[in-house]
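Residue numbering for the sequence shown is 1 to 418, as defined by UniProt numbering.
Using N, Cα and C, we set each Cβ at its ideal position, and we do this for glycine too.
Nothing here was measured: the structure is a model prediction, and the numbers come from that model.
Written below as structure tokens is the structure these notes are about.
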Amino acid sequence: MRTLWRQTRSFPPAVRLLMANQFAINLAFYMLMPYLAAHLSDGVGLAAWAVGLVLGVRNFSQQGMFLIGGTLADRLGHKIPIMAGCLLRTVGFALLGWVDDLATLIVASAATGFAGALFNPAVRAYLAAEAGERRVDAFAVFNVHYQAGMLLGPLVGLALLAADFRLVCTTAAAVFAALTVLQWRRLPARPGHTPGTARREGVLSQWRKVAANRPFLLFAAAMIGSYVLTFQVYLALPLAAADALGTNATAVTSGLFVVSAAVAVVGQLRLTGWAGRRWRSDQALTRGLAAMGLAFLPLALVPRGSSTAALAALVVAVVLLAVGSAVVYPFEMDTIVALSGNRLVATHYGLYNTISGLGITLGNLVTGALWDFAQQHHALWLTWTALTAIGLACAAAVTALAHTGRLTAGRRPEPAPV
């Protein structure tokens, strides 16, 4: 904790505020969202299709609108979308707890999703601009705060849930309301990149410039698989736990989620410092991606029917996946800024998130179909081998981009002190 505190304090006040802001955002989000489906089904009495619709609208309105959020940040400055996103999520979370008709729930869900699309690109662009040459270190510390919120949120939500789900929603909404006021009072207004030019040239021209950035698009495509792999904490790994452990699967899945977040919280700064001292950015990306892919290999080697071996393999997979993700994340965020040429950074982040979100959706469909096929043919190793291949393919793609000179973030960053 002292290392985290020292690292956080080493950045300018605006960066520190953004880190605290992200911790609170994730704390509030994850104290509510893990329990929303059960509330809609058992508390409100919605049919399963309606629950899926409400949850799907949130995901679609966030992933599909990231480009809009990034564009607004570059045109209006970073502060306005951050404040607007926090305010919109205040309203959305309050509605989720106090309404029970499907139409209003869909509106509330869409509002919470669009809120994320507003503040996520703006926060990252603001952080990158304020951190300057310390972008890698800044994103490493930022990720610790991000993961800490994810780790504590479900625990706080579970404690509040003992009273009432409305209390969970009201508390989460209150956190976002406080964040809105805090950003308004304490976050310095910062213009987006080349805002005057952006306004003169128009939104479509802005988008054409980003879409014409071929190295950036190739990098975004190469990194899609990493998001598919990361999402398996919510898909393939819980399915594997249910297949191997039966009735104990829910507790094990929760434990795996905690392990994943805890590894990032405890190890992020040391891993970033260690990687930064030894590797260039592209090398850190490549090796982190390879580790993410290899994380699934132990599961392919587990003999069917061995619950102890399956549990051990699941823990190893989650730890390796979290370690690989922690190595990749700060260098990935830094590379996006470098590939943008430090222009229209928020728009680049927005398009990058949209591409990643579409990749996750497609990847989940393919992974789910492959799981069903493999289970029917008693060959679950197919799923794990395919996921390993995705990680190695991502690593190979990034290596190829670096070798052909398409990655401009190949400098050796200043290592984070440990």
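Beta-carbon spacing of residue i, residue j below 9 Å
| i | j | result |
| --- | --- | --- |
| A131 | L32 | no |
| G324 | A290 | yes |
| H403 | R304 | no |
| V175 | A110 | no |
| A322 | S260 | yes |
| A129 | G85 | no |
| G255 | C394 | no |
| V337 | V345 | yes |
| P81 | L27 | no |
| I360 | Q63 | yes |
| W371 | A275 | no |
| residue 445 | T272 | Residue 445 is absent from the model: the chain starts at 1 and stops at 418. |
| residue 442 | L95 | Given that the chain is displayed from residue 1 to residue 418, the structure contains no residue 442 and the question cannot be resolved. |
| L314 | A241 | yes |
| L179 | K79 | no |
| F331 | A284 | yes |
| L245 | A300 | no |
| R287 | W279 | yes |
| L311 | T388 | no |
| P34 | G157 | yes |
| S340 | M223 | no |
| L401 | P215 | yes |
| Q183 | N21 | yes |
| L155 | A262 | no |
Exposure of residue i, with buried meaning 16 or more beta-carbon neighbours within 10 Å
| i | result |
| --- | --- |
| Y234 | exposed |
| P417 | Residue placement at P417 cannot be trusted, given a pLDDT of 40 that sits under 50; what the coordinates show is reported in the next sentence. Its Cβ having fewer than 16 others within 10 Å, P417 is exposed. |
| residue 434 | Absent from the model: residue 434. The displayed extent of the chain is 1 to 418, so no value can be given. |
| D100 | exposed |
| G69 | buried |
| L229 | buried |
| Q376 | exposed |
| P13 | exposed |
| L362 | exposed |
| R2 | exposed |
| S306 | exposed |
| L17 | buried |
| W384 | buried |
Whole-number beta carbon distance between residue j and residue i, since they are thought to touch under 8 Å
| i | j | result |
| --- | --- | --- |
| G97 | F165 | 6 Å |
| M333 | V141 | Not confirmed; about 12 Å, so no contact. |
| A295 | N143 | Actually they are not in contact, since the Cβ atoms of A295 and N143 sit about 18 Å apart, beyond 8 Å. |
| L351 | V210 | 6 Å |
| V54 | L105 | 5 Å |
| G153 | F29 | 6 Å |
| T90 | A221 | Not really, about 36 Å apart at Cβ, beyond 8 Å. |
| F66 | N353 | 4 Å |
| L382 | A374 | 4 Å |
Residue i, DSSP secondary structure in three states
| i | result |
| --- | --- |
| P81 | helix |
| P195 | Low confidence applies here, because P195 scores a pLDDT of 48, under 50, leaving its location unreliable and the question unanswered by this model. |
| D164 | coil |
| G202 | coil |
| R6 | helix |
| V107 | helix |
| Y234 | coil |
| S325 | helix |
| T170 | helix |
| R270 | helix |
| F331 | helix |
| A189 | coil |
| F114 | helix |
| residue 421 | Residue coverage of the chain in this structure runs from 1 to 418, which leaves residue 421 outside it and unanswerable. |
For residue i, the first and last residue of its enclosing alpha helix (DSSP H)
| i | result |
| --- | --- |
| M292 | 281-294 |
| N342 | No alpha helix (DSSP H) holds N342; DSSP gives it neither H nor E. |
| F60 | 48-63 |
| T404 | Looking at the DSSP string, T404 is not in any alpha helix (DSSP H), and its letter there is neither H nor E. |
| V99 | Where V99 is concerned, there is no enclosing alpha helix (DSSP H), given that its DSSP letter is neither H nor E. |
| N213 | Taken as a continuous stretch (DSSP letters only), N213 belongs to no alpha helix (DSSP H), as it is neither H nor E. |
| R134 | Counting along the chain, R134 falls outside any alpha helix (DSSP H), and DSSP gives it neither H nor E. |
| L380 | From DSSP, L380 is part of no alpha helix (DSSP H); its letter is neither H nor E. |
| D42 | Unbroken run through D42: none, as it is neither H nor E. |
| R304 | Segment: none, R304 is in no alpha helix (DSSP H) and carries neither H nor E. |
| L76 | 66-76 |
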